[in-house]
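Undergrad:
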Amino acid sequence: MKLIDRACSPAFIVTAVILLVGIGIIDSNSRSFSATIFMVPFALGPLVFSLSLALFMPNKSSQITLIIGSVLYGGFFVYLYGGLFYRSPSPQSGMGLLFIGFYSLRVMVPIWCVAACLRAFQLIKNPDSP
1251 MKLIDRACSP AFIVTAVILL VGIGIIDSNS RSFSATIFMV PFALGPLVFS LSLALFMPNK
1311 SSQITLIIGS VLYGGFFVYL YGGLFYRSPS PQSGMGLLFI GFYSLRVMVP IWCVAACLRA
1371 FQLIKNPDSP
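In case it helps, the working numbering puts the sequence shown at residues 1251 to 1380.
Below, the structure is given as structure tokens:
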């Protein structure tokens, strides 16, 4: 299966949309787009990694697992962002964006491992699959 075909997979599309929405949310409170680009690796880094995994894990079970992880991360991001900037705003709220990605790793790493194991089990069961 070609890489361009994998970029049309459901997990890739859902994760890319959540990533673009996250960039838009960060940019809505930012003074400049360069500040937004600076915060993206910290705040949305796990989504970028899930996006790359969606390219290399085309089987259905891994795709479903990655979609679940991306939606959970999107909800977690919106919840923390709302808490930082709207429910209890402070001058240090921007610093909270630096830690959103790190806080999510204890959930995202097991989701990525499950997706990788499901891909490995599929390769063992059917070695001719893409």
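For glycine and all other residues, C-beta sits at the position ideal for the given N, C-alpha and C.
Report the three-state DSSP secondary structure of ALA1257 (helix, strand or coil).
TA: Here residue 1257 corresponds to residue number 7 of the sequence shown, with the count starting at 1. The answer is coil: DSSP assigns ALA1257 none of H, G, I, E or B.
Undergrad: So, under 8 angstroms CB-CB, PHE1292 and LEU1347 are touching, yes? Tell me the CB distance rounded to an integer number of Å.
TA: Looking up residue 1292 in the sequence shown gives position 42. Looking up residue 1347 in the sequence shown gives position 97. Indeed they touch by this definition, with Cβ atoms about 6 angstroms apart.
Undergrad: With burial defined as no fewer than 16 other Cβ atoms inside 10 Å of the residue's Cβ, what is the status of MET1289: buried or exposed?
TA: To locate residue 1289, count along the sequence shown from 1; it is residue 39. With 16 or more other Cβ atoms within 10 Å, it is buried.
Undergrad: Specify, as a first and last residue, the run of the alpha helix (DSSP H) that SER1302 falls within.
TA: Counting from 1 along the sequence shown, the entry for residue 1302 is found at position 52. Element bounds for SER1302: 1295–1306.
Undergrad: Keeping to the same chain, check which residues put their C-beta closer than 7 angstroms to that of LEU1305; ignore five residues upstream and five downstream.
TA: If you number the sequence shown from 1, residue 1305 lands on position 55. Taken in chain order, the residues that qualify are LEU1253, ARG1256, ALA1257 and PHE1262.
Undergrad: Below 8 angstroms CB to CB, which residues in the same chain sit around SER1320 once its five sequence neighbours on both sides are set aside?
TA: Position 70 of the sequence shown, counted from the first residue, corresponds to residue 1320. Taken in chain order, the residues that qualify are ALA1261, VAL1264, THR1265, ILE1268, LEU1297 and SER1300.
Undergrad: Quick check on the DSSP output: the alpha helix (DSSP H) that includes GLN1342 runs from which residue to which?
TA: Here residue 1342 is taken as the residue at index 92 of the sequence shown, counted from 1. Unbroken run through GLN1342: none, as it is neither H nor E.
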